Structure formats: C-alpha cells, structure tokens
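Asks: If you read the sequence shown in numbering that gives the first Met the number 0, its first letter stands for residue 0, the second for the next number, and so on.
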Amino acid sequence: MKSIEDLGLESGSAAPAEGWHCTHFFYTFDRRCLAALSQLERNRAKAAFVDVLSETGTLRCQSGVVAGHKADFSLMVMDPDPVKVESVHQRLMGSAAGAVIQPAWSYVSLSEISEYVQSPDQYAERLKRAGEDPSSSAFEKKMAAYAARLEKMNVQRLTPVFPDWPVSCFYPMNKWRYPGANWFTLSTSERHKLMSEHARSGIKFAGKVTQLITVGVGLDDWEWGVTLWATNPLHLKQIVYDMRFDEASAKYAEFGPFYTTYHADARKIIEICSV
Numbered sequence: 000m001k002s003i004e005d006l007g008l009e010s011g012s013a014a015p016a017e018g019w020h021c022t023h024f025f026y027t028f029d030r031r032c033l034a035a036l037s038q039l040e041r042n043r044a045k046a047a048f049v050d051v052l053s054e055t056g057t058l059r060c061q062s063g064v065v066a067g068h069k070a071d072f073s074l075m076v077m078d079p080d081p082v083k084v085e086s087v088h089q090r091l092m093g094s095a096a097g098a099v100i101q102p103a104w105s106y107v108s109l110s111e112i113s114e115y116v117q118s119p120d121q122y123a124e125r126l127k128r129a130g131e132d133p134s135s136s137a138f139e140k141k142m143a144a145y146a147a148r149l150e151k152m153n154v155q156r157l158t159p160v161f162p163d164w165p166v167s168c169f170y171p172m173n174k175w176r177y178p179g180a181n182w183f184t185l186s187t188s189e190r191h192k193l194m195s196e197h198a199r200s201g202i203k204f205a206g207k208v209t210q211l212i213t214v215g216v217g218l219d220d221w222e223w224g225v226t227l228w229a230t231n232p233l234h235l236k237q238i239v240y241d242m243r244f245d246e247a248s249a250k251y252a253e254f255g256p257f258y259t260t261y262h263a264d265a266r267k268i269i270e271i272c273s274v
C-alpha cells in the first residue's frame with residue numbers, strides 16, 4: 000500500500016507551514032459569584048488565576064485590563080501549536096478561578112505575510128518607475144537594504160515579539176462585498192495600489208505604533224484581526240482616524256468591535272478589577 004507521502008498528500012499537522020496560531024481572549028469577572036465566595040475560596044481563586052497566567056506554556060502571551068464594559072481583562076496568546084493556545088483558556092476556566100470568570104469574546108487567527116507586502120522584484124519595479132538606474136550602485140544598495148529590512152519585517156509578521164508598550168487595541172475587520180465597493184472584484188494591481196497608500200499613511204507613526212495583522216479567513220467570523228500597540232493611547236486614536244481616509248478603508252473596510260487593553264500581569268489585573 001502506498002503511503003500518504005507516496006501519493007503526494009500531506010500527512011497532516013496542526014502547526015502552520017509558516018507563522019503561528021493566535022487567539023485573542025476576552026473575559027469578565029462574575030461579581031455575584033465573587034461575592035458568594037468565602038475569603039479562603041477567593042484566595043484560592045486568585046492564586047489559581049496568577050498560577051495559570053504566570054506559566055502559560057506558550058511562546059507568546061500578553062495580558063491586560065480592558066477599558067469599558069465589554070470585558071474586564073484580555074489575553075493575546077500565540078504559539079505554533081493551537082492546542083497550547085487553547086489550553087491556556089481551558090486551564091483558566093478549569094481552575095479555581097474559572098467559577099468567577101465568564102468568557103466575553105474571542106478571535107481565532109493565524110499570523111501571515113500579506114500578499115500586499117512588496118517582494119524584492121516589485122520593489123525593484125517601483126525604483127525603476129521612480130527613475131532609478133538598475134545598473135547603478137545606488138540601485139543595488141537600495142535593493143540590498145530592502146531585502147535585509149524585508150527579512151526582519153517578515154519575521155516580526157510571522158513570529159512577533161510583543162512590544163513592552165502600555166496600551167494596545169484589537170479589532171476584527173472584513174472587506175466589503177457590496178455592489179460598487181467589492182474588494183474581491185478589484186484587480187491585483189488595484190488592490191496593491193490601495194494597500195500601498197494605506198501603508199504609507201501608517202509610516203509616520205513609526206516608533207509610536209506597531210501593528211500585527213492576523214488572518215481569520217476560514218477560522219473565525221471576521222476575515223482579519225488587527226492588533227495595534229502604542230506608546231500612548233492618543234496614538235491609537237490618531238492612527239485609526241488618519242488611516243480611515245485612505246480609500247482601502249473609507250470605501251472597502253468594515254470594522255468590528257474595538258477592545259482597548261492596558262497591559263498588566265495577573266496580580267495587577269486582580270488589583271485593578273477589585274477581585
């Protein structure tokens with residue numbers, strides 16, 4: 000009997016060929032259940048909460064307090080193994096803290112390198128259109144610099160290091176499919192042009208805001224998830240406002256709920272949420 004490999008079929012794996020699994024979890028504390036606990040039970044719940052979030056067993060996990068009433072706290076978890084990502088949630092809900100926690104929302108996705116990221120060949124064509132001589136040393140230097148920069152950027156897109164900045168926001172989004180504004184009927188060149196314009200709008204926020212785009216197509220209800228980290232919440236407001244004037248957003252983007260998180264460890268979450 001021929002093996003799966005002999006037949007040219009994949010043997011199957013939950014780990015992506017590139018990139019990591021990513022889930023954003025949002026939770027609320029059940030105040031009635033908390034009020035019914037004895038002091039001993041409350042202490043056990045708090046200890047379990049700290050224990051789970053202190054040792055998640057995943058490559059990336061960031062926690063924090065969520066502003067507003069949509070949730071009390073959030074977790075952003077990433078790992079090549081989706082079971083490890085999901086196990087953080089299951090361990091938390093199965094612990095002594097689980098009785099006083101209610102899941103509020105979640106978003107399941109994968110990190111990826113977007114099809115709109117310029118390849119070296121596309122970058123070379125851009126330089127030529129700008130009048131650069133492909134036989135010049137200046138052209139070669141710019142190409143070498145872009146290749147080095149692209150490699151670093153792609154590592155961050157697929158296996159990101161979360162910045163140690165105080166605030167982030169997360170929102171899911173789709174591209175419209177309405178008559179007269181159907182993103183998926185545009186040509187590849189048109190979509191690239193619009194996304195290049197969109198990217199240029201964000202460049203001025205370098206050092207103030209950084210982003211991660213993850214894809215939920217086929218995995219969750221929204222097509223993409225956007226995570227923005229900022230050195231100050233004012234920058235979150237400004238970048239989202241400014242970029243909405245780009246045609247890619249103004250005409251073609253549908254936005255889901257926004258969740259703003261101020262980063263904090265488990266003990267700080269307990270303190271701020273008065274658990």
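Each residue gets a CB set at the ideal place from its N, CA and C atoms; glycine is no exception. Please read these numbers as outputs of a predicted model, since none were measured by experiment.
Where do the N-terminal and C-terminal ends of the beta strand (DSSP E) with residue 145 fall, by residue?
Replies: Per DSSP, residue 145 belongs to no beta strand (DSSP E); it is in the alpha helix (DSSP H), 136-157.
Asks: By alpha-carbon positions, which one of 122, 80, 238 ends up nearest to residue 195?
Replies: 122
Asks: Cα-Cα, which of 259, 251, 217, 192 is closest to residue 117?
Replies: 192
Asks: Please report how far the alpha carbon of residue 231 lies from the alpha carbon of residue 134, in whole angstroms.
Replies: 44 angstroms
Asks: Just verifying my parser: in three-state terms, what is the DSSP assignment at residue 32?
Replies: In this structure, residue 32 counts as helix in the three-state DSSP scheme.
Asks: Check whether the Cβ atoms of residue 169 and residue 26 sit closer than 7 angstroms, and answer yes or no.
Replies: no
Asks: Give the DSSP-derived three-state secondary structure of residue 59 in the structure shown.
Replies: Residue 59 sits in a strand when the DSSP states are folded into three classes.
Asks: When you compare only the Cα positions, how much space is there between residue 18 and residue 107?
Replies: 14 angstroms
Asks: Any chance you could list the alpha helix (DSSP H) runs of at least 4 consecutive residues sitting entirely within the stretch 55-119, in chain order?
Replies: 81-93
Asks: Give me whichever residues DSSP pairs with residue 172 in a beta bridge.
Replies: DSSP output for residue 172 lists 223, 254 as bridge partner(s).
Asks: Assuming residue 14 and residue 79 make a contact with CB atoms under 8 angstroms, what is their CB distance in whole Å?
Replies: 5 angstroms
Asks: Cα separation between residue 158 and residue 110?
Replies: Those two C-alpha atoms are separated by around 7 angstroms.
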